[in-house]
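Residue numbers (the UniProt record's numbering): 1 to 119.
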């Protein structure tokens, strides 16, 4: 299976379990990998035959902006479900990785990575 991906998408969200974390949006970094069949768009050279990764990035940003989740696990789960639903049968599976750079002192990132498939 082929893969369309977005790496290092910088977004901000109000997220966290501690009250201090919930006073302002925090930076997050998101990576997304989507399992697709790239042979059809490769032959047609038409963007409507594949997943528009700019649209995926915009949708993730909008989701994060509206969210008030406590856990990055929840954000990752919601992002994966949204991608599978909104981008239709073109995406058969999705991996979402969310990193929270300021979560742990002296650590570059803490995060979660999930993979979800169509049922």
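Backbone N, C-alpha and C define an ideal beta-carbon position, used for all residues, glycine too.
Tell me the DSSP secondary structure of residue i in three-state form.
i, result
"residue 74", "helix"
"residue 116", "strand"
"residue 47", "helix"
"residue 14", "coil"
If the criterion is Cβ atoms closer than 8 Å, does the pair residue i and residue j meet it?
i, j, result
"residue 174", "residue 11", "Not covered by the structure: residue 174. The range shown for the chain is 1 to 119."
"residue 87", "residue 47", "no"
"residue 76", "residue 96", "yes"
"residue 8", "residue 36", "no"
"residue 34", "residue 72", "no"
"residue 93", "residue 115", "yes"
Got a sec? Which residues, its chain only, sit under 6 Å from residue i by beta carbon, not counting five neighbours each side?
i, result
"residue 50", "41"
"residue 38", "2"
"residue 6", "32, 53, 57"
"residue 14", "22, 25, 68"
Alpha helix (DSSP H) containing residue i: first to last residue?
i, result
"residue 63", "53–66"
"residue 41", "39–44"
Residue range of the beta strand (DSSP E) that residue i falls in?
i, result
"residue 102", "That residue, residue 102, is in no beta strand (DSSP E); it is neither H nor E in DSSP."
"residue 36", "26–36"
Quick one: what's got a C-beta closer than 8 Å to residue i's C-beta in the same chain, skipping five residues either side?
i, result
"residue 78", "63, 67, 69"
"residue 104", "110"
From residue i to residue j, what distance separates their C-alpha atoms?
i, j, result
"residue 53", "residue 102", "27 Å"
"residue 17", "residue 118", "30 Å"
"residue 20", "residue 80", "27 Å"
"residue 89", "residue 108", "36 Å"
"residue 22", "residue 112", "19 Å"
"residue 121", "residue 4", "The chain is shown only over 1 to 119; residue 121 falls outside these bounds and no answer can be derived."
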